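Counting along the sequence shown from 1, when you hit position 143 you're at 568 in this note's numbering, and nothing is skipped either side. In this text, a Cβ means the ideal position worked out from N, Cα and C, and glycines have one as well. Given the structure is predicted, the values throughout are model-derived calculations rather than measurements. Structure first, commentary second.
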Amino acid sequence: MRHGIGLSTSSDSELITQLLAFTPPKEEDHSADWVARIKNLMNETPTSYSLLVMHNGVIYAVRDPYGNRPLCIGRLIPVTSEEPEKRRSETEGWVVSSESCSFLSIGAEYYREVLPGEIVKISCDGVQTLDIVPRYRERDPSAFCIFEYVYFARPDSIFEGQMVYSVRRRCGQQLAIEAPVEADLVSTVPESATPAALGYAEKCGIRYVEVLCKNRYVGRTFIQPNMRLRQLGVAKKFGVLSDNFEGKRIVLIDDSIVRGNTISPIIKLLKDSGAKEVHIRVASPPIRHPCYMGINIPTKEELIANRPEFDDLAGYIGANSVVYLSVDGLTSAVREGIKHFKDQQNGLNGTSSHSSSSSHGHCTACLTGEYPVELEW
């Protein structure tokens, strides 16, 4: 706005487009210097975005200096060659995606992540790092959204050198250490909590059994924009496998409880179908704070962890007990699997001098209220 440019929508994408269209001071009027424009955008907006800018046969892949959202590069491999060595050495092209899970379906393989603050040029000549824009305070660690591991990402995606599935399984194992309970079986609210449930069952020695079946044609209730749509989603989303749990004590693992709209009718469904007890174990900490970096958590008041009912959450949702994973438990499960990643960062085309960009950290703002950048109102 200080540049005299008005906004016609409430979309953050318009703001990014307007900043890219703005001519930075060092640019000649007759030719657009896209790298200068991208760097100007990154200096104006420290977080949170991952961008692709396509221009004249070139793709610029850009990740904000804090690395809050994921972005990775894939290599298209020849489909005609049957020789493994040839397939590994030849490249038909390059692709960029927010998640690596998309590569397999188009005949590509994971190559590497775009680093926090990195500007990557992808062309017929290959992949080239043009620059790494430092964070406002260079001593700050990166701030990759920890909720990508908990909920958003597909389990076969790779972040920070590790598969999301493995992180979720470790979360379940840590949850079993922090919150054991006497029960007959462990199950899950499908599907994103399944790896955590398997990890919990493995650690505590209780068998894993499916108790719910999912209607795959219903969207994710967490992302629905209002309460009525979320509640209707729950009613249509699950069926029960009552033969598997009648008269049994269930430990039901969920990946998160945000508003509390989903879990209560599920517990009622299980108990009405014959479950003796239902103990809820949540493979992430309570969400207490809004996310101002692109996720639909607009107010503190709608979060169950900030409401009076949270003091007796088990009674409120109809469970026999409820325990969340601790913040320390989540961060340790995430960081345990980050191996050799700093070596990858420091080995890229002269990026070793940008040591601040390879300082690992994770954004836990929705859990702790500690935001990676100072909020301005």
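By the Cβ-count criterion, residue 706 is buried, with 16 or more other Cβ atoms from all chains shown falling within 10 Å of its own Cβ.
Here residue 702 has 674, 745 as same chain residues with Cβ atoms under 6 Å from its own Cβ, once five neighbours each way along the sequence are excluded.
In this structure, DSSP gives residue 550 a state outside helix and strand, which the three-state scheme calls coil. When secondary structure is reduced to three states using DSSP, residue 718 falls in the coil class, being assigned neither helix nor strand. Listed in chain order, the non-local C-beta contacts of residue 682 below 7 Å within the same chain comprise 688, 707, 729, local neighbours out to five positions each way being set aside.
Per the C-alpha coordinates, the member of 524, 748, 500, 527 positioned closest to residue 514 is 500.
Using a C-beta cut-off of 8 Å, the region 542 to 552 makes no contact with the region 576 to 584, since fewer than three inter-stretch Cβ pairs fall below that distance. Per DSSP, the beta bridge partners of residue 704 are 676, 746. Collapsing the DSSP output to three states places residue 725 in coil. About 21 Å separates the beta carbon of residue 449 from that of residue 475, a gap too long to meet the 8 Å contact definition.
According to DSSP, residue pairing for residue 438 in a beta bridge does not occur. Listed in chain order, the alpha helix (DSSP H) elements of length 4 or more contained wholly in the region 564 to 638 are 589 to 603, 619 to 629.
CA-to-CA, the gap between residue 548 and residue 488 works out to about 18 Å. Contact between residue 623 and residue 754 fails: their C-beta atoms lie close to 17 Å from each other, not under 8 Å.
In terms of Cβ geometry, residue 620 and residue 590 form a close pair [threshold 8 Å].
Spanning the alpha carbons of residue 633 and residue 594 requires a straight line of approximately 13 Å. Residue 762 is positioned such that its CB atom lies closer than 8 Å to that of residue 587. Judged by DSSP secondary structure, residue 791 falls within the alpha helix (DSSP H) whose first and last residues are 790 to 793.
Membership of residue 754 in the alpha helix (DSSP H) is indicated by the continuous run 752 to 761.
Under the DSSP definition of a beta bridge, residue 514 lacks any partner. In the three-state reduction of the DSSP assignment, residue 556 falls in the strand class.
In this structure, residue 625 sits away from residue 544, with a CB-CB distance that is not shorter than 8 Å. DSSP places residue 695 in the uninterrupted alpha helix (DSSP H) bounded by 688 to 697.
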